[in-house]
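Asker: My questions will all concern the structure given below.
There are 2 protein chains.
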Amino acid sequence: MTQQKTDATSDKDTGQEGGFVSDYLLYLLAAASDVASAQFHAQVRKAGLRVPEWRVLACLSDTDGAMITQLARQALAEQSRLTRIIAQMEERGLLIRRSDPADGRRVRVYLTDAGRALAAELVPQARRHEAALMEMLKGNEGAQLKPALKSLLAALDDTADQRR
Amino acid sequence: MTQQKTDATSDKDTGQEGGFVSDYLLYLLAAASDVASAQFHAQVRKAGLRVPEWRVLACLSDTDGAMITQLARQALAEQSRLTRIIAQMEERGLLIRRSDPADGRRVRVYLTDAGRALAAELVPQARRHEAALMEMLKGNEGAQLKPALKSLLAALDDTADQRR
DNA sequence: GTAAACAATATGATTTTTCATATAGTTTCG
DNA sequence: CGAAACTATATGAAAAATCATATTGTTTAC
Numbered sequence: 044m045t046q047q048k049t050d051a052t053s054d055k056d057t058g059q060e061g062g063f064v065s066d067y068l069l070y071l072l073a074a075a076s077d078v079a080s081a082q083f084h085a086q087v088r089k090a091g092l093r094v095p096e097w098r099v100l101a102c103l104s105d106t107d108g109a110m111i112t113q114l115a116r117q118a119l120a121e122q123s124r125l126t127r128i129i130a131q132m133e134e135r136g137l138l139i140r141r142s143d144p145a146d147g148r149r150v151r152v153y154l155t156d157a158g159r160a161l162a163a164e165l166v167p168q169a170r171r172h173e174a175a176l177m178e179m180l181k182g183n184e185g186a187q188l189k190p191a192l193k194s195l196l197a198a199l200d201d202t203a204d205q206r207r
Numbered sequence: 044m045t046q047q048k049t050d051a052t053s054d055k056d057t058g059q060e061g062g063f064v065s066d067y068l069l070y071l072l073a074a075a076s077d078v079a080s081a082q083f084h085a086q087v088r089k090a091g092l093r094v095p096e097w098r099v100l101a102c103l104s105d106t107d108g109a110m111i112t113q114l115a116r117q118a119l120a121e122q123s124r125l126t127r128i129i130a131q132m133e134e135r136g137l138l139i140r141r142s143d144p145a146d147g148r149r150v151r152v153y154l155t156d157a158g159r160a161l162a163a164e165l166v167p168q169a170r171r172h173e174a175a176l177m178e179m180l181k182g183n184e185g186a187q188l189k190p191a192l193k194s195l196l197a198a199l200d201d202t203a204d205q206r207r
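First to last, the sequence lines map onto chains C and G.
The working numbering runs 43 ahead of the 1-based position in the first sequence.
The working numbering runs 43 ahead of the 1-based position in the second sequence.
So, in structure tokens, the structure goes:
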């Protein structure tokens, strides 16, 4: 019991000897996401953005004129959170909001030149960082990672049509 | 079907047509983690725990007597956050804190019977949920997911020995 | 045309999380 | 031994995120 051993379980290890957690899919996903993102998120903050802001920027650079709700889904954030993030980014001049002429409830969001410039700086950084990660993986089973993740997402999207 | 589609980008789709984001590793990881965890996290909350509390419980059921800092790493939470979570869980009678006789700075955390009972209820639920997920993946490339994630984590742990 | 149902965004109050730093205990080294 | 450097946890203040609900605009069905 209580492996109080200040020995084998030494100070430094993270404790993943082989219990439940270290082989549990949801842990592996969360840990991988956390650890893999950490370095790049530091770059994001150096560029003066918070993580959710970077996500919005990236989404908009893909799909300009998206609506708040769309952005919330894509950027993995809550709607009310997105509303405020968009407001702050608008104040900073990164984007503008325009109500959709076809449906006044909708707010469409467009990058400004400043926003596009920032995206043009960060997206390539993201690509380079991703390339470095992929480089670490080539050869290993890690090479399968992206297809495997897409497969999981596809399977889940099919099933749980709750959120739509 | 009020398909209010202001054109190609219709209402329901998440907008991942094929831009940068939808093929970006860090997005895939974060999204997969989010979506895959959502259902189970709902069960966790029904059991009266918040997600970080569940994580602590699971880690302790693997490694009883862990210290706060260890738990923070394993449960993917900040140290100061962990301190408070542990305090709250102690108040609820799920665990107890004992200062390590060998090193008075360290606080070792042990599950109580109540804590162990709750873990004995939730861990099997987690296993079943995981099994259901794996079931969805068998056949596809998704089957490679766990090895691929482990490979990524291993590669990153090797590199960034920052946090240790 | 209008009330009911619905949909998209906004907002106030609260809870959760982080950040910086304080406190307490330990080790190193002269 | 004792000061400096270090390590583990705690804590106050601030920032971020969430929840419930309000507000505004649109569609449906009579």
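Beta carbons: idealized from backbone N, C-alpha and C, even for Gly.
Starting from the beta carbon of residue 190(C), find every residue of chain G whose beta carbon is closer than 7 Å, and list them in chain order.
Answerer: By Cβ distance, chain G contributes 184.
Asker: For residue 177(G) and residue 165(C), what's the separation of their Cα atoms in angstroms?
Answerer: Taking the straight line joining both Cα atoms gives about 35 Å.
Asker: By Cβ distance below 6 Å, which residues in the same chain neighbour residue 211(C) in space, the five residues on each side in sequence not counted?
Answerer: Because residue 211(C) is not part of the residues shown, which for chain C are 44 to 207, the question remains open.
Asker: How long is the line joining the alpha carbons of residue 152(C) and residue 163(C), rounded to whole angstroms?
Answerer: Whole-angstrom Cα-Cα distance: 17 Å.
Asker: What's the call for residue 147(G), buried or exposed, on a 16-neighbour Cβ count within 10 Å?
Answerer: When all chains shown are included, residue 147(G) counts as exposed.
Asker: Give the DSSP-derived three-state secondary structure of residue 67(C) in the structure shown.
Answerer: Three-state DSSP puts residue 67(C) in coil, outside helix and strand.
Asker: Looking at the structure shown, is residue 88(C) part of a helix, part of a strand, or coil, going by DSSP?
Answerer: Correct three-state label for residue 88(C): helix.
Asker: Going by alpha carbons, who is nearest to residue 132(C) out of 70(C), 64(C) and 91(C)?
Answerer: Ranking the options by Cα distance to residue 132(C), first place goes to 91(C).
Asker: Taking residue 181(G) as the query, report the chain C residues whose CB atoms sit under 7 Å from its CB, ordered along the chain.
Answerer: None at all; the shortest Cβ gap to chain C is about 10 Å.
Asker: Could you check what DSSP says for residue 196(G) in three-state terms: helix, strand or coil?
Answerer: Correct three-state label for residue 196(G): helix.
Asker: If you follow the beta strand (DSSP E) that residue 16(C) is part of, which residue opens it and which one closes it?
Answerer: With chain C running from 44 to 207 in the structure shown, residue 16(C) is simply not present.
Asker: Examine chain C for any beta-carbon lying closer than 9 Å to the beta-carbon of residue 142(G), and answer yes or no.
Answerer: Judged by the 9 Å Cβ criterion, residue 142(G) is not in contact with chain C.
Asker: Using a beta-carbon distance below 9 Å, is residue 86(G) in contact with chain C?
Answerer: Not closer than 9 Å to any Cβ of chain C, the Cβ of residue 86(G) fails to qualify, so no.
Asker: Roughly how many angstroms lie between the CA atoms of residue 103(G) and residue 170(G), to the nearest whole one?
Answerer: Rounded to the nearest angstrom, the two C-alpha atoms are 16 Å apart.
Asker: Verify the CB distance criterion: does residue 92(G) have a CB-CB separation below 9 Å to chain C?
Answerer: No - not a single Cβ of chain C is within 9 Å of the one on residue 92(G).
Asker: Taking a contact to mean a Cβ-Cβ separation below 9 Å, would you say residue 99(G) touches residue 129(G) in this structure?
Answerer: Yes, they are a contact pair.
Asker: Which residues mark the beginning and the end of the alpha helix (DSSP H) in which residue 114(C) is found?
Answerer: From DSSP, the alpha helix (DSSP H) with residue 114(C) extends over 111-117.
Asker: With distances taken from CA atoms, which of 150(C), 64(C) and 172(C) is nearest residue 106(G)?
Answerer: The residue with the shortest Cα to Cα distance from residue 106(G) is 64(C).
Asker: Along the chain, where does the alpha helix (DSSP H) that runs through residue 124(G) open and close?
Answerer: Residue 124(G) -> alpha helix (DSSP H) spans 122-134.
Asker: Please state whether the Cβ-Cβ distance between residue 180(G) and residue 155(G) is less than 9 Å.
Answerer: No.
Asker: Contact check, residue 75(G) vs residue 188(C) under 8 Å by CB: the rounded distance?
Answerer: No, residue 75(G) and residue 188(C) are not in contact; Cβ-Cβ is about 10 Å, not under 8 Å.
Asker: In angstroms, rounded to a whole number, what distance separates the CA positions of residue 167(G) and residue 62(C)?
Answerer: C-alpha separation (whole angstroms): 13 Å.
Asker: Mapping the DSSP letters down to three states, classify residue 98(G) as helix, strand or coil.
Answerer: DSSP places residue 98(G) in helix when its eight states are reduced to three.
Asker: What's the gap between the Cα of residue 201(C) and the Cα of residue 87(G)?
Answerer: Approximately 23 Å, taken between the alpha carbons.
Asker: On the criterion of 16 or more Cβ atoms from any shown chain inside 10 Å, does residue 158(G) qualify as buried, or is it exposed?
Answerer: Buried: at least 16 other Cβ atoms inside 10 Å.
Asker: To the nearest whole angstrom, what separates the beta carbons of residue 80(G) and residue 69(C), a pair I think is in contact under 8 Å?
Answerer: Contact holds; Cβ gap of about 5 Å.
Asker: From the DSSP output, read off the bridge partner residues of residue 152(G).
Answerer: DSSP, once it has assigned bridges, lists 109(G) and 140(G) as partnering residue 152(G).
Asker: State buried or exposed for residue 195(C), treating a residue as buried only when at least 16 other CB atoms are found within 10 Å of its CB.
Answerer: Burial call: buried.
Asker: Using beta carbons (cut-off 9 Å, strictly below), is residue 194(G) in contact with chain C?
Answerer: It does: the Cβ of residue 194(G) has a partner Cβ on chain C nearer than 9 Å.
Asker: Using a C-beta to C-beta distance shorter than 7 Å, which residues of chain C count as neighbours of residue 199(G)?
Answerer: Under the 7 Å cutoff, chain C gives 78 and 79.
Asker: Spell out whether any CB of chain C is found under 9 Å from the CB atom of residue 177(G).
Answerer: For residue 177(G), the answer is yes, since a Cβ of chain C falls inside 9 Å of its Cβ.
Asker: Helix, strand or coil for residue 201(G)? Go by DSSP, reduced to three states.
Answerer: Note: residue 201(G) maps to helix in three-state DSSP.
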